[in-house]
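Trainee: Everything in the sequence shown is counted per this note's numbering, starting at 477 for the first residue and increasing by one.
I have a structure I would like to understand better, so I am pasting it below and will then ask my questions one at a time.
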Amino acid sequence: MGFMADKLYWRDPYLHAFDADVVRTHGNALVLDKTAFYPTSGGQQNDTGKILLESQEFRVIDVKEENGEILHTLDKECVIRPGTMVHCSIDWDRRYRLMRNHTALHVIIGVIVSKYDRNGRSTGGQIYEDKARMDFDVEGFNREMAEKVIADANAVVLEDRKVIAKFLSREEAREISNLSRTMPGDDLLKSLETIRVIEIEGLDIQNDGGTHVRSTKEVGTIKLLKFENNGKHNKRIVIALDAL
Ligand SMILES: [Zn+2]
């Protein structure tokens, strides 16, 4: 296990500037004692941004988690003594779009499970800055249903429901049926002592490590860009959001 940084993006997903201490450098990569930079995981793409050290400026071009350690890849090599404080800022426009797209997918799966197929499963998803896709194993899912689901999801967006991130013990998590909607999620529920969940008030609760907006209204209007039928248990939708 590498150094476990304090995950500021979990404490406050709206934090976009912070100071941190360097734990170590490794070529072009930097490990910090705490970070608001989200590493690519759970289908959500990493943040980008910049790190300032006195008069030097580095671009953060990639962020990934390896052996529990969050590595910030910079645009050039850096030699910084451990313990040195750096000023960091994430590209907020990109992050905010990623958050809105991520919450949009949760609204959609929440609508599907609550209204269309109690046992509906998401078999994969990818969240980008400008669009998001989700794969489903949902009974009878077709283009017409996809369009209805998106209309229902847009109604939920307008209801301005709270989106809450919290941690549950494994026992509390067991009490909630259908908490995990994915295979990796099923495995996490078996292995972790505490489980982070995202709840959309009155609609959906599922285990999740991503960053989300505070209320569904911030998602904005969801558009269905594409529906693909890739087999009985494998349907895909691609969505995009209107500018706020
Ligand atoms: Zn998610």
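We treat Cβ as the ideally placed atom computed from N, Cα and C, and that holds for glycine.
State yes or no: is the C-beta of Asp684 nearer than 7 Å to some heavy atom of ligand 1?
Mentor: The residue you call residue 684 lines up with position 208 of the sequence shown. For ligand 1, at least one heavy atom lies less than 7 Å from the Cβ of Asp684.
Trainee: Comparing the CB of Gly436 with every heavy atom of ligand 1, is any distance shorter than 7 Å?
Mentor: Not covered by the structure: residue 436. The range shown for the chain is 477 to 720.
Trainee: Tell me Glu533's beta-bridge partners as DSSP assigns them.
Mentor: The residue labelled residue 533 in the question sits at position 57 within the sequence shown. Beta-bridge partners of Glu533 (DSSP): Leu528.
Trainee: Excluding five sequence neighbours on each side, which residues of the same chain lie with their C-beta closer than 6 Å to the C-beta of Asp684?
Mentor: As a working mapping, residue 684 is identified with position 208 in the sequence shown. Here the set comprises Ile674.
Trainee: Going straight from the alpha carbon of Ser645 to that of Ile652, what length do you get?
Mentor: The sequence position of residue 645 within the sequence shown is 169, counting from 1. The sequence position of residue 652 within the sequence shown is 176, counting from 1. For Ser645 and Ile652, the distance between alpha carbons rounds to 11 Å.
Trainee: For the candidate residues Pro489, Ala649 and Ile676, whose alpha-carbon lies nearest to that of Ile584?
Mentor: Walking along the sequence shown from the start, residue 584 turns up at place 108. Ranking Pro489, Ala649 and Ile676 by Cα distance to Ile584 puts Ile676 first.
Trainee: Quick check: Thr524 and Leu484, are their CB atoms within less than 8 Å of each other?
Mentor: Counting from 1 along the sequence shown, the entry for residue 524 is found at position 48. Counting from 1 along the sequence shown, the entry for residue 484 is found at position 8. No; because the gap between Cβ atoms is not below 8 Å, this pair is not in contact.
Trainee: Could you compute how far the alpha carbon of Arg487 sits from the alpha carbon of Ile566?
Mentor: As a working note, residue 487 is residue 11 in the sequence shown. As a working note, residue 566 is residue 90 in the sequence shown. Rounded to whole angstroms, Arg487 to Ile566 spans 15 Å at the Cα level.
Trainee: Would you say Ile640 reaches chain D, if we count a Cβ-Cβ gap shorter than 8 Å as a contact?
Mentor: Included in the structure is just one protein chain, with no chain D present.
Trainee: List the DSSP bridge partners of Thr425.
Mentor: Residue 425 is absent from the model: the chain starts at 477 and stops at 720.
Trainee: Using the Cα positions of Lys693 and Lys638, report the straight-line distance between them to the nearest angstrom.
Mentor: As a position in the sequence shown, residue 693 is number 217, starting the count at 1. As a position in the sequence shown, residue 638 is number 162, starting the count at 1. Straight-line measurement puts the Cα of Lys638 at about 9 Å from the Cα of Lys693.
Trainee: Comparing C-alpha positions only, which one of Arg500, Val536, Asp509 and Arg672 sits nearest to Arg557?
Mentor: The residue you call residue 557 lines up with position 81 of the sequence shown. Answer by Cα proximity: Arg500.
Trainee: Skipping 5 residues on each side, what residues in its chain have a beta carbon closer than 6 Å to that of Leu491?
Mentor: Here residue 491 refers to the residue found at position 15 when the sequence shown is read from its first residue. Listed in chain order, the non-local C-beta contacts of Leu491 below 6 Å within the same chain comprise Leu484 and Ala512, local neighbours out to five positions each way being set aside.
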